[in-house]
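Using UniProt numbering, you'd call the opening residue of the sequence shown number 1 and step up by one each time.
Have a look at the structure below before the remarks.
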Amino acid sequence: MNYLLDTHTLLWWLDESSMLSIQATAIISNTQNIIFVSAISAWEISIKKSLGKLEAPDNRHLQKSIT
Numbered sequence: 001m002n003y004l005l006d007t008h009t010l011l012w013w014l015d016e017s018s019m020l021s022i023q024a025t026a027i028i029s030n031t032q033n034i035i036f037v038s039a040i041s042a043w044e045i046s047i048k049k050s051l052g053k054l055e056a057p058d059n060r061h062l063q064k065s066i067t
């Protein structure tokens, strides 16, 4: 199945936050699913980082997904 993550969901997943439900984590982690992230999320993260409202998320999950 295809899923589009919003910015909060992406950040919670990258941070392994308890804000993300077990079900959502399972869906995102399931390699049978195709996960999409909007370019707007990158823009939103960049803006929040530049304003000092967000620390850089750990990107180990993204690195695994890309390789």
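Even for Gly, the Cβ is constructed at its ideal location relative to N, Cα and C.
None of the values given here were measured: they were computed from a predicted structure.
Same chain, Cβ closer than 6 Å to residue i, neighbours up to 5 away in sequence not counted
i, result
"residue 67", "Bear in mind that the predicted position of residue 67 carries a pLDDT of just 44, short of 50, making it unreliable; the figure below should be weighed with that in mind. Within the same chain, residue 67 has no close Cβ partners at all."
"residue 51", "none"
Closest by C-alpha distance to residue i, when choosing among the options
i, options, result
"residue 13", "55, 25 and 35", "25"
"residue 7", "23, 47 and 1", "47"
"residue 4", "51, 38, 43 and 54", "38"
Local conformation of residue i per DSSP, three classes
i, result
"residue 10", "helix"
"residue 44", "helix"
Contact set for residue i: own chain, Cβ-Cβ below 7 Å, skip 5 residues either direction
i, result
"residue 1", "33"
Bridge-paired residues (DSSP) for residue i
i, result
"residue 5", "37"
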